[in-house]
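There are 2 protein chains.
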Amino acid sequence: MINIAILGFGKVGSGVAEVISRGYNLICKEIQDSIRIKYILDLRDFPGSPYQDLIVHDINTILEDPEVKIVCETMGGTKPAFEYSMACLRAGKSVVTSNKEVVANFGNLLCDAARDNGVRYLYEASVGGGIPVIRTIKNALAANEIYEINGILNGTTNYILTQMDRNGKSFDEALAQAQELGYAERDPRADINGDDACRKICILAALAFGMLISPSTVSCVGIRDITQTDVSIAKKFGAAVKLVGSTKRLADGTVDIRVSPCLVPATNPISKVDDVYNAILVRAASLGDVMFYGQGAGSLPTGSAVLSDIMDVAKHLKTVQPTQETWECGDPSLVCDEETTPCQYYAAVDLAPCKLEPYFDSMEVLYTEDGLTAFIAHGVSRKSFEFALSASGAKVFSKLRAL
Amino acid sequence: MINIAILGFGKVGSGVAEVISRGYNLICKEIQDSIRIKYILDLRDFPGSPYQDLIVHDINTILEDPEVKIVCETMGGTKPAFEYSMACLRAGKSVVTSNKEVVANFGNLLCDAARDNGVRYLYEASVGGGIPVIRTIKNALAANEIYEINGILNGTTNYILTQMDRNGKSFDEALAQAQELGYAERDPRADINGDDACRKICILAALAFGMLISPSTVSCVGIRDITQTDVSIAKKFGAAVKLVGSTKRLADGTVDIRVSPCLVPATNPISKVDDVYNAILVRAASLGDVMFYGQGAGSLPTGSAVLSDIMDVAKHLKTVQPTQETWECGDPSLVCDEETTPCQYYAAVDLAPCKLEPYFDSMEVLYTEDGLTAFIAHGVSRKSFEFALSASGAKVFSKLRAL
Chain A
1 MINIAILGFG KVGSGVAEVI SRGYNLICKE IQDSIRIKYI LDLRDFPGSP YQDLIVHDIN
61 TILEDPEVKI VCETMGGTKP AFEYSMACLR AGKSVVTSNK EVVANFGNLL CDAARDNGVR
121 YLYEASVGGG IPVIRTIKNA LAANEIYEIN GILNGTTNYI LTQMDRNGKS FDEALAQAQE
181 LGYAERDPRA DINGDDACRK ICILAALAFG MLISPSTVSC VGIRDITQTD VSIAKKFGAA
241 VKLVGSTKRL ADGTVDIRVS PCLVPATNPI SKVDDVYNAI LVRAASLGDV MFYGQGAGSL
301 PTGSAVLSDI MDVAKHLKTV QPTQETWECG DPSLVCDEET TPCQYYAAVD LAPCKLEPYF
361 DSMEVLYTED GLTAFIAHGV SRKSFEFALS ASGAKVFSKL RAL
Chain B
404 MINIAILGFG KVGSGVAEVI SRGYNLICKE IQDSIRIKYI LDLRDFPGSP YQDLIVHDIN
464 TILEDPEVKI VCETMGGTKP AFEYSMACLR AGKSVVTSNK EVVANFGNLL CDAARDNGVR
524 YLYEASVGGG IPVIRTIKNA LAANEIYEIN GILNGTTNYI LTQMDRNGKS FDEALAQAQE
584 LGYAERDPRA DINGDDACRK ICILAALAFG MLISPSTVSC VGIRDITQTD VSIAKKFGAA
644 VKLVGSTKRL ADGTVDIRVS PCLVPATNPI SKVDDVYNAI LVRAASLGDV MFYGQGAGSL
704 PTGSAVLSDI MDVAKHLKTV QPTQETWECG DPSLVCDEET TPCQYYAAVD LAPCKLEPYF
764 DSMEVLYTED GLTAFIAHGV SRKSFEFALS ASGAKVFSKL RAL
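Chains as they are written, first to last, in this note's numbering: chain A, 1 to 403; chain B, 404 to 806.
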């Protein structure tokens, strides 16, 4: 019998309980043992819930019970989630989490604590909801040097952009609709401003490059300024505007990491990822491009990802837990300057291609019609791109980073 | 030091060697040991190759060397690949393979032999080339009941269909081009007829439902009869014609498993998977739809998948190997009758929707123009669909299974 505790019985925590209940036989067969939720820590009491007898209000009940080997931290926020996770690891319990804020800010400390105490800290559910991307990068791609990761990491903003594209809505209309349907929070800032996507790309970069970069040092632009004009011009040539988190390791050892709305050309499979779906595109040595697609949020998909971590720990309880990986703490000086690092940029302007060519070294024209040229400039920094655009005298209808 | 042997030094076998050489440091770090290719079994000699000293011609050299713990079977064909794999497992060596023909026909016997001998039989590279789909279904989705799998499982046919769609080529022109570029074999039948996709969907069904159905009992239609008319009508409404392997468990315990060209509507992410790329869409309880996308073939991607299995075995050499899963042998009577089992079918015909409605219970019109109606009939068997089409008196321009 494997006893677990859940910290925080909100959307994800209750999803974990439901996924365990639904898949109980399959889970027991797979881990070759039975599993039981022994405690649920929450401030609330949940009278009438089938789980009401499991509710506790004091973390010490869990910390002091040697039967509890696995703790699911599904609280959200860093306080007291970080402190509780640390205490559990130090008490010899493995911790699995869906809390991207904690992982992105303190993952290195928690991985170290897990290793020092011979237990594990797993975080599959912190990126991509139900998409098994973390485990896949860790295991299946372990032999492949990862060059680059680009992802649609936030379902709320992708829903809004899809509505703007498909139904011609304005940003405000699309946001209101997302809120009505429960896809966006009443206070949607963490999604809209890109903070949520930023935490996730930091976690992916830590996995890929072994160092955790603080989200606070990452250039992050949200979708608030995306207009119907941006979206409808892109649509003319089959492209899409998406909020993309990107990271790659540069030759000089620095890391290019950023979150911003992007022009995604039709040939990139990310351009077709719509609604609340997420997708993560990994470019690796030998393997080439691999993409993972699925529901990036929701109680059951995310609960399912948490459960995959629980099962991973459970399967190893009777043998030896695999060694916890560690992340260096990425110094802010390792993050390249977003403004001056070469990248690709897109613009739609009123000049003909021949009038633009003198200003851009490597220019790819995506679309032209009378009075409109849409193009991507390759290998140019944002600063140089802005400068060249301005020097050309073009009237700019739309201007974005490009994938 | 972990010693491995490679059986068959063709495209995949040499890919394994190259991926090990390229990623050597990363691999050693991950498995916390060094790794060495001790033998390569092939009929040929490869003079001048850096691997020439490792070449052996007698399987007994490998079987009798207790230092060899892991054998990569990358031979292709079932003879002598099956017999050699069995002998290696019985000699206490784990076997990893890219050979879908062996796995699809004898996977149950090989899994049993692995379990009986306390070793493992892994086959990540047998489906989807470099896409880590097998490991993901086994681990990450282990707690989720899998309802349904649909996949583009063959890169050659997908390349041909993409060329027909994008450049208006005929089937024969597109095939000739695929052969020129090395994407299709000189004898392309195993690809074109759907045999390759059929083996792969059998392996996925075995993973999902725990029973191995013989490819010879599966309804399998290739793409030889797909015309430019099929492709260009679908294109009018953003859909695509794809060769799809599908399997799902029906309520009565039988398995619906089939390979055939399908009309894939624009809303299905599989419709955008082009060129030689593969994609596998898994529908699971709790998790919803998850899709994995990447290069389905090629020396390095496939070699990389083989290596992920090698590393999985290597990591566990010092502890306990996870228990080998077993597959029942799926009795042919468990495969539902393709002709009479309800499914979705698509047709493009010359009648207006109102003239068709009396003949179809659940009809979804995808597109109409003067003299053309494209529609999907849901929940209808192929037999009933054909009958209704014929009864309606419609002239049929295109007729396919639909996703």
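Just so you know, even glycine gets a beta-carbon here, dropped at the ideal spot from N, CA and C.
Comparing alpha-carbon positions, which option in A:Lys11, A:Tyr147, A:Arg382, A:Ile2 lies nearest serine 304 of chain A? Position 304 of the first sequence, counting from 1, holds the residue named residue 304 of chain A. The shortest CA-to-CA distance from serine 304 of chain A to any of A:Lys11, A:Tyr147, A:Arg382, A:Ile2 is the one to A:Lys11.
From A:Glu67, A:Asp53, A:Ile149, pick the residue whose C-alpha is nearest to that of glycine 429 of chain A; which is it? Nothing about residue 429 of chain A can be reported from this structure: the residues present for chain A run from 1 to 403 only.
Where do the ends of the beta strand (DSSP E) carrying glycine 733 of chain B lie? As a first step, residue 733 of chain B must be located in the second sequence, where it is residue number 330. Looking at the DSSP string, the run of the beta strand (DSSP E) that includes glycine 733 of chain B is 731–733.
Does the separation of the CB atoms of serine 21 of chain A and cysteine 28 of chain A fall below 7 Å? The sequence position of residue 21 of chain A within the first sequence is 21, counting from 1. The sequence position of residue 28 of chain A within the first sequence is 28, counting from 1. Not closer than 7 Å, so no.
In this structure, how does DSSP classify serine 381 of chain A when only helix, strand and coil are distinguished? Translated into the one-based positions of the first sequence, residue 381 of chain A becomes position 381. Serine 381 of chain A: coil per DSSP, three-state reduction.
Answer yes or no: do leucine 309 of chain A and valine 231 of chain A have a C-beta to C-beta separation smaller than 7 Å? Taking the first sequence and counting its residues from 1, one reaches residue 309 of chain A at position 309. Taking the first sequence and counting its residues from 1, one reaches residue 231 of chain A at position 231. The question names leucine, yet the displayed sequence has aspartate at residue 309 of chain A. Cβ distance not < 7 Å, so aspartate 309 of chain A and valine 231 of chain A don't count as in contact.
For a contact defined as C-beta to C-beta under 7 Å, what are the partners of methionine 694 of chain B on chain A? Looking up residue 694 of chain B in the second sequence gives position 291. By Cβ distance, chain A contributes Tyr293, Gly294.
Could you tell me the distance, in whole angstroms, from the CA atom of serine 529 of chain B to the CA atom of phenylalanine 695 of chain B? On the second sequence, residue 529 of chain B is found 126 positions in, with the first residue counted as 1. On the second sequence, residue 695 of chain B is found 292 positions in, with the first residue counted as 1. Looking at the two C-alpha atoms, the distance is approximately 15 Å.
Express the C-alpha separation of alanine 611 of chain B and alanine 143 of chain A in angstroms, rounding to a whole number. Along the first sequence, one-based indexing puts residue 143 of chain A at 143. Along the second sequence, one-based indexing puts residue 611 of chain B at 208. The alpha-carbon atoms of alanine 143 of chain A and alanine 611 of chain B are separated by roughly 26 Å.
Verify the CB distance criterion: does leucine 161 of chain A have a CB-CB separation below 7 Å to chain B? By one-based count along the first sequence, residue 161 of chain A stands at place 161. No, no contact with chain B.
Do isoleucine 549 of chain B and alanine 687 of chain B have their C-beta atoms closer together than 7 Å? The count along the second sequence starts at 1 and reaches residue 549 of chain B at position 146. The count along the second sequence starts at 1 and reaches residue 687 of chain B at position 284. Taking 7 Å as the Cβ cut-off, isoleucine 549 of chain B and alanine 687 of chain B qualify as a contacting pair.
Best match in A:Val218, A:Tyr345, A:Thr323, A:Thr156 for proximity to threonine 254 of chain A [C-alpha to C-alpha]: As a working note, residue 254 of chain A is residue 254 in the first sequence. Checked all of A:Val218, A:Tyr345, A:Thr323, A:Thr156; the closest Cα to threonine 254 of chain A is A:Val218.
Best match in B:Val783, B:Leu806, B:Lys639 for proximity to threonine 776 of chain B [C-alpha to C-alpha]: By one-based count along the second sequence, residue 776 of chain B stands at place 373. Answer by Cα proximity: B:Lys639.
What do you reckon, are the CB atoms on serine 381 of chain A and threonine 341 of chain A nearer than 7 Å? In the first sequence, counting from the first residue as 1, residue 381 of chain A sits at position 381. In the first sequence, counting from the first residue as 1, residue 341 of chain A sits at position 341. Result yes, Cβ atoms of serine 381 of chain A and threonine 341 of chain A sit closer than 7 Å.
Determine whether the Cβ of threonine 691 of chain B lies closer than 7 Å to any Cβ atom of chain A. In the second sequence, counting from the first residue as 1, residue 691 of chain B sits at position 288. The amino acid occupying residue 691 of chain B in the given sequence is glycine; threonine does not appear at that position. Cβ-Cβ to chain A under 7 Å: yes for glycine 691 of chain B.
Give me, in chain order, the residues of the same chain whose beta-carbon lies closer than 8 Å to that of aspartate 45 of chain A; leave out the 5 immediate sequence neighbours on both sides. What you label residue 45 of chain A is simply residue 45 of the first sequence in a count that begins at 1. Excluding sequence neighbours, aspartate 45 of chain A sits near Gln52, Ile55.
Cross-strand partners of glutamate 742 of chain B (DSSP beta bridge): Start at 1 with the first residue of the second sequence, and residue 742 of chain B comes out as number 339. Residue pairing by DSSP places glutamate 742 of chain B in no beta bridge whatsoever.
If I'm right that glycine 699 of chain B touches glycine 532 of chain B with Cβ under 8 Å, what's the distance once you round it to whole angstroms? For the purposes of this step, residue 699 of chain B is taken as residue 296 along the second sequence, with counting starting at 1. For the purposes of this step, residue 532 of chain B is taken as residue 129 along the second sequence, with counting starting at 1. Indeed, because the Cβ distance is near 4 Å, the residues count as touching under 8 Å.
Apart from the five residues on each side of it in sequence, which residues of its chain come closer than 8 Å, Cβ to Cβ, to isoleucine 226 of chain A? If you number the first sequence from 1, residue 226 of chain A lands on position 226. Annotation for isoleucine 226 of chain A: Leu161, Met164, Phe171, Val241, Pro261 place their beta carbon closer than 8 Å to its own, counting only its chain and skipping 5 residues before and after.
For asparagine 150 of chain A, the three-state DSSP class (helix, strand or coil): Counting from one through the first sequence, the residue named residue 150 of chain A turns up at place 150. Looking at asparagine 150 of chain A - three-state DSSP - the assignment turns out to be strand.
For the segment 404–425 of chain B, enumerate the residues whose C-beta is nearer than 9 Å to any C-beta of chain A, in chain order. Cβ contacts with chain A come from Gly418, Glu421, Val422, Ile423, Arg425.
Could you give the distance in angstroms between the alpha-carbon of glycine 23 of chain A and the alpha-carbon of glycine 210 of chain A? Translated into the one-based positions of the first sequence, residue 23 of chain A becomes position 23. Translated into the one-based positions of the first sequence, residue 210 of chain A becomes position 210. Going from the Cα of glycine 23 of chain A to the Cα of glycine 210 of chain A covers about 34 Å.
Where does cysteine 491 of chain B land, buried or exposed, given buried means 16+ other C-beta within 10 angstroms? On the second sequence, position 88 is the one that residue 491 of chain B refers to. By the 10 Å Cβ count, cysteine 491 of chain B comes out buried.
Whose C-alpha, out of A:Val306, A:Asp275, A:Leu153, is nearest the C-alpha of isoleucine 4 of chain A? For the purposes of this step, residue 4 of chain A is taken as residue 4 along the first sequence, with counting starting at 1. When only C-alpha atoms are compared, the closest one is A:Val306.
Through-space distance from threonine 650 of chain B to arginine 661 of chain B, alpha-carbon basis: Taking the second sequence and counting its residues from 1, the one referred to as residue 661 of chain B is at position 258. Taking the second sequence and counting its residues from 1, the one referred to as residue 650 of chain B is at position 247. Approximately 7 Å between the Cα atoms of the pair.
Which two residues bound the contiguous beta strand (DSSP E) that contains alanine 805 of chain B? In the second sequence, residue 805 of chain B corresponds to position 402, counting from 1. Alanine 805 of chain B -> beta strand (DSSP E) spans 799–805.
Methionine 614 of chain B versus chain E: which residues are under 7 Å apart at the beta carbon? The structure shown contains no chain E; the protein chains it does contain are A and B.
Output the boundary residues of the alpha helix (DSSP H) element that contains glycine 558 of chain B. Here the question's residue 558 of chain B lines up with position 155 in the second sequence. If you look at glycine 558 of chain B, you'll find it in the alpha helix (DSSP H) that goes 558–570.
What does the Cβ neighbour count give for cysteine 623 of chain B, buried or exposed, with the cut at 16 atoms within 10 Å? Within the second sequence, residue 623 of chain B is the residue found at index 220, counting from 1. So cysteine 623 of chain B ends up on the buried side.
What residue range does the beta strand (DSSP E) around alanine 420 of chain B cover? As a first step, residue 420 of chain B is located in the second sequence; it is residue number 17 there, counting from the start. First-last for alanine 420 of chain B: 414–425, but that is the alpha helix (DSSP H), not the beta strand (DSSP E).
Output needed for isoleucine 779 of chain B: all residues of its chain with C-beta closer than 6 Å, excluding positions within five of it in sequence on either side, in chain order. The sequence position of residue 779 of chain B within the second sequence is 376, counting from 1. Short of 6 Å from the beta carbon of isoleucine 779 of chain B, and not among the five residues preceding or following it, lie these beta carbons of its own chain, in chain order: Gln747, Tyr749, Glu767, Ala805.
Give me the subset of the segment 665–685 of chain B whose CB atoms are less than 7 Å from a CB atom of chain A, sorted by chain position. Pro672, Lys675
If you draw a straight line from the C-alpha of leucine 429 of chain B to the C-alpha of glycine 155 of chain A, how long is it? Taking the first residue of the second sequence as 1, we reach residue 429 of chain B at position 26. Taking the first residue of the first sequence as 1, we reach residue 155 of chain A at position 155. Looking at the two C-alpha atoms, the distance is approximately 33 Å.
With DSSP as the reference, identify every bridge partner of valine 96 of chain A, one or two as the case may be. Here the question's residue 96 of chain A lines up with position 96 in the first sequence. Looking at the DSSP assignment, valine 96 of chain A forms a beta bridge with A:Cys72, A:Leu122.
For a test of the three-state rule: what should DSSP assign to proline 261 of chain A, helix, strand or coil? The residue you call residue 261 of chain A lines up with position 261 of the first sequence. When secondary structure is reduced to three states using DSSP, proline 261 of chain A falls in the strand class.
Range of the contiguous beta strand (DSSP E) that encloses glutamine 698 of chain B: Here residue 698 of chain B is taken as the residue at index 295 of the second sequence, counted from 1. Here the beta strand (DSSP E) through glutamine 698 of chain B covers 691–698.
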